[in-house]
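K.L.:
Per my numbering, the very first residue in the sequence shown carries number 239; after that it's consecutive.
From the three backbone atoms N, C-alpha and C, an ideal C-beta is built for every residue, glycine too.
Below is one structure. I have some questions about it.
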Amino acid sequence: MINIQKSIVFNYGDSQRVTVYGDFDDLNTWYIVPTPRFAIDKTIGQEMFTLREFVTDTGITGNCNFTVELYVSDEERSVVKQYLGQDIVFGQLNWVNITSFFTYDLKGEKQVANATPAQFAENQATFDIFLPDQEAVNCFKDAFGPGDQGVSPFFMQYEGMALSKLPAVDVTVKYDSVLAFEYEKTVEVDRNIWGKETSRKAAVKEYLKNSDAGNTDIKWNIPNPDEEMKQRVYDWAWITLEGLVNKAVDDAVKLLGEAHADQFSLNQTSSFSRNYKENQVVDFNVSPMGSQFKRFNENEWEKHFSRVDNRSLTINFTIMDDLSQNKIKSVQVNVKYPTLQPEPSHTFTQEDCSNWTLEADGYYEGGIFKASYQYQYIVTFEIETKLTPYTSPWIPSENARVILPAAALGVQSATFRAANVDFDNAVNYVLLDFYYITPGNLPNKSEQIKIIENNKDYKIVSRTGLPSTNPYSYALTYVLKNGRQYEVSPISSNSDTIVISSPFSTNQFNVYVNNNLPEDGGVQIKQVRIRATYDDYENGLTGLNNTWNFKPDLSMEYDEGEPWDLTVVENPNGSVVSLSGKLIYSDGKVKSVNGLKNQTGFIDFSPISEIDTIEVDPSQIQWKEGVEQVRINFYQLKDSPVKAADIHSARADADSRKNLAQLTFRPMHDAEGAITGTVQKQYFDIDKPLDDELVYYYDGTYYHSGDVPDSYIKEAQSSDLGIVLPKDGESEELVIHRLVAGNKK
């Protein structure tokens, strides 16, 4: 683990510098901060960079494709050894998370693109930038082509997070979704940015920097900290805030479904505040890891720039995870495209897993460039796994970059790491109860691990040899030295790494108002009177309450009450906030709020809609008769079909399905695997037009122990606002149920 308080910068050569970090435990181990550069194509020994200018009947366009990597030179190692001693050991930075950003100017406006690097070796990342006209092409030619200056004005930066401990400082990061939403309305937003993870990250970075929606409060516990350390902590706080907002946006977009990402807005995220204290283990950003690009000289430029009559197709393939660690011998990728004859193929191996960039003459239909191609991959596993090779179907795509993570190659894994859990004085152990739904009708994987120390990786691996995007679920039981236990009900996740912290954390709850603007006319909510009660029956935390009584700013479309900060067990699926009260409207009418239950931490009231709570009751499920997990999906379907065939057809079409919620139910277990306690009810809220009906659908899958196949809900006790789940699924085929959230005129 790097020690950010043990950082040294060495200057050498012609204004060059190298930064190193020491290790917390081994005084002789040092970590050199790498620098981005163009990756080198080992087959021809030159930089992986191409700029093409396309001359067509409709005008000039272009494309710039390049791959970057992190690099430490022999000269840098030599300089560090001169200062620190020839016997020091260089450690390998172990990234918890890493992202790359390319900053450039286009027509006088700053642009930021980002890419997710490979998670091993040189962390290669590929960028593919479409240049829409001659001016944009010339901008890139001027930046990278021969010139008086030795470097390009464009900038490359990696943001890498590695484990470290905070110095003598308390840090609070805050996000205000109201201010973010207000800023979002002032800028011209391409709604498509929310549909892709890479563009979402760039948008969040821009919005936080250009609005007052993000804030960091840093309080030092020592007098006069040095300026470099202050800047380092400030940078960390800001990047941490960006990461938290990114996760909130990702979660909201995934719930909507990628096909409906254009319906997302920042008012669908909630404000939050997070506090970090001295000596807390955190993901710390290692910086600086940025550099300006080199300019190519005349001879080099001839190899990297070309002017052609037709637009070409460029595709980059990236293996995201280390093949050797995942016991994968090789991955062969095949591609089909009309101008590619014979069909090209490339094999990634443990010895050579560099990015593969494929270029082809463009294919046109009716004078229109077609970017559609197909790819297939074949995975061969190491002999010891006893897995047969996997051949994917031909996959259609128009993406300039294809990323193949380990999960797509048949290896699913999750790493759990405890940080800041008081194992010395308070906690005996944390019991991790893991459950994964395997693909291909294979037996589902369940595993229990006792976590007994901080900063140690506990990795769970499932090698099925089949690709999967299935989430896993995990539950936590904190067993204290005094015999007390705190529980965290099962949580679904797709994250590669989960950090387990102290069971108690400060959660924030709030009430929001989404009003009509005065200039738009219509009634407004002029006062909110809401009482909230927090209950977590699993952990004995019940009856905690708060009251909101505020008048929204009627000149704003979006406003919020004073946040309710509550220090409780972080148990999102096992706790609930019940709300009741009144909304007073500008026309004098008063609307009662009763029976609302919320598990997300915020609720959004509007004068043109109303909220209904859907309750799902698992009390009848026969957990001790072989049912291991139940998953319920709720969604809306375009045109609200009634016939079963139409319903199934609409559900299969991502453009016709709008996801509302996915609820996972699974009992808690003790260290011997015995079921303990009661599985709690779960809730989700539906926002529907005022005094109107809303049609929604649900389906439920029951997962069983051993070789017992999955089953589906055939019939359930249900009303417009509640479902009692049956003891087991009674259908071998998926059954979709149609419900109507009632008309309350």
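What residues in its chain sit with their C-beta under 8 Å from that of Thr618, if we drop five residues either side in the sequence?
P.N.:
Closer than 8 Å at the Cβ level, and outside the excluded window around Thr618, lie Ile566, Lys567, Ser568, Val569, Gln570 and Pro627.
K.L.:
When you compare only the Cα positions, how much space is there between Glu373 and Asp343?
P.N.:
Near 11 Å, if we compare the C-alpha coordinates of Asp343 and Glu373.
K.L.:
What did DSSP end up calling Arg470 once you bin it into helix, strand or coil?
P.N.:
Three-state result, Arg470: helix.
K.L.:
Is it right to say Asp660 is buried, meaning 16 or more other beta carbons lie within 10 angstroms of its own, or is it exposed?
P.N.:
So Asp660 counts as exposed.
K.L.:
Would you call the stretch 648-660 and the stretch 731-744 touching, i.e. three or more CB-CB distances under 8 Å?
P.N.:
With the cut-off at 8 Å, the stretch 648-660 and the stretch 731-744 touch.
K.L.:
How big is the Cα-Cα spacing for Asn312 and Cys302?
P.N.:
As written in the sequence, residue 312 is Asp, which differs from the Asn given in the question. Approximately 30 Å between the Cα atoms of the pair.
K.L.:
With contact counted as at least three CB pairs below 8 Å, one residue from each stretch, are the stretch 761-769 and the stretch 809-823 in contact?
P.N.:
Yes: at least three Cβ pairs fall under 8 Å.
K.L.:
Rounded to the nearest angstrom, what separates Gly911 and Leu714 at their Cα positions?
P.N.:
For Gly911 and Leu714, the distance between alpha carbons rounds to 13 Å.
K.L.:
Which partner residues of Tyr615 appear in the DSSP bridge assignment?
P.N.:
Per DSSP, Val571.
K.L.:
Would you list the residues sitting across from Ser818 in a DSSP beta bridge?
P.N.:
Per DSSP, Arg769.
K.L.:
Taking buried to mean at least 16 other C-beta atoms within 10 Å of its own C-beta, is Ser793 buried or exposed?
P.N.:
With fewer than 16 Cβ atoms within 10 Å of its Cβ, Ser793 is classed as exposed.
K.L.:
Per the DSSP calculation, Phe510 is bridged to which residue(s)?
P.N.:
Bridge partners of Phe510: Tyr413.
K.L.:
Just to confirm, does Thr552 get its C-beta within under 7 Å of one of the non-hydrogen atoms of the ligand FAD?
P.N.:
You won't find the ligand FAD in this model; it holds no ligand whatsoever.
K.L.:
Between Leu401 and Asn517, which are expected to be in contact by the criterion C-beta below 8 Å, what is the C-beta distance as a whole number of angstroms?
P.N.:
Leu401 to Asn517, Cβ: 13 Å. No contact.
K.L.:
Closer than 7 Å by C-beta to Tyr710: which residues in its own chain qualify, once you throw out the five before and the five after it? Chain order, please.
P.N.:
So the qualifying residues of the chain are Ala652, Phe672, Tyr673, Tyr674 and Ser731.
K.L.:
Of the residues Ala645, Asn637 and Gln612, which one's Cα is nearest the Cα of Pro631?
P.N.:
Comparing Cα-Cα distances from Pro631 to each of Ala645, Asn637 and Gln612, the minimum goes to Gln612.
K.L.:
For the 8 Å Cβ check, are there 3 or more pairs between the stretch 417-425 and the stretch 499-515?
P.N.:
The stretch 417-425 vs the stretch 499-515: in contact.
K.L.:
Give the secondary structure of Ala609 by DSSP, where H, G and I count as helix, E and B as strand, and everything else as coil.
P.N.:
It is coil, neither helix nor strand.
K.L.:
Tell me which residue opens and which closes the alpha helix (DSSP H) that Gln372 is part of.
P.N.:
Gln372 to Phe382 is the extent of the alpha helix (DSSP H) around Gln372.
K.L.:
Where does Phe661 fall in DSSP's three states?
P.N.:
Reduced to three states, the DSSP call for Phe661 is coil.
K.L.:
Identify the residues that DSSP records as bridge partners of Gly300: which are they?
P.N.:
Answer by DSSP bridge pairing, in chain order: Glu291 and Leu369.
K.L.:
Over the uninterrupted beta strand (DSSP E) stretch that includes Ala598, give me the two end residues.
P.N.:
Here the beta strand (DSSP E) through Ala598 covers Trp594 to Asp599.
K.L.:
Express the C-alpha separation of Gly833 and Tyr936 in angstroms, rounding to a whole number.
P.N.:
Answer to the nearest angstrom: the Cα atoms are 21 Å apart.
K.L.:
Starting from the C-beta of Arg985, find all residues in its chain whose C-beta is less than 6 Å away, skip the five residues before and the five after it, and write them out in chain order.
P.N.:
Since the first residue shown for the chain is 239 and the last is 983, residue 985 is missing from the structure and cannot be characterised.
K.L.:
Note down the Cα distance separating Lys926 from Asp797, rounded to an integer number of angstroms.
P.N.:
Going from the Cα of Lys926 to the Cα of Asp797 covers about 20 Å.
K.L.:
Can you check which of these residues, Leu704, Phe392 and Thr299, is closest to Lys532 by C-alpha distance?
P.N.:
The option with the nearest alpha carbon to Lys532 is Phe392.
K.L.:
Roughly how many whole angstroms lie between the Cα atoms of Val917 and Asn811?
P.N.:
Answer to the nearest angstrom: the Cα atoms are 10 Å apart.
K.L.:
Using a beta-carbon distance below 8 Å, is Phe843 in contact with chain B?
P.N.:
Of the protein chains in the structure, only one exists, and it is not chain B.
K.L.:
Which one or two residues does DSSP pair with Ala275 in a beta bridge?
P.N.:
One detail in the question is off: residue 275 reads as Arg in this sequence, not Ala. DSSP, once it has assigned bridges, lists Glu307 as partnering Arg275.
K.L.:
In angstroms, rounded to a whole number, what distance separates the CA positions of Pro790 and Thr454?
P.N.:
Using only the alpha carbons, I get a separation of about 25 Å.
K.L.:
Thinking C-alpha only, which one of Leu959, Ser957, Gln920 and Asp948 is nearest Ser969?
P.N.:
Ranking the options by Cα distance to Ser969, first place goes to Asp948.
K.L.:
Find out if the Cβ-Cβ distance for the pair Phe843, Val749 is shorter than 8 Å.
P.N.:
In contact: Phe843 and Val749 (Cβ atoms closer than 8 Å).
K.L.:
What is the C-beta distance between Tyr950 and Val978, in whole angstroms, given that I count them as a contact (C-beta under 8 Å)?
P.N.:
Not quite, the Cβ-Cβ distance comes to about 21 Å (not below 8 Å), so this is no contact.
K.L.:
DSSP beta-bridge partners for Asp521?
P.N.:
Answer is Leu401.
K.L.:
Between Met399 and the rest of its own chain, which residues show a CB-CB distance below 6 Å, the 5 nearest in sequence each way excluded?
P.N.:
These residues qualify, in order along the chain: Val334, Asn335, Asp521 and Asn523.
K.L.:
Among Gly967, Asp958, Leu959 and Asp279, which has the Cα closest to the Cα of Lys952?
P.N.:
If we check each option's Cα against that of Lys952, Gly967 comes out closest.
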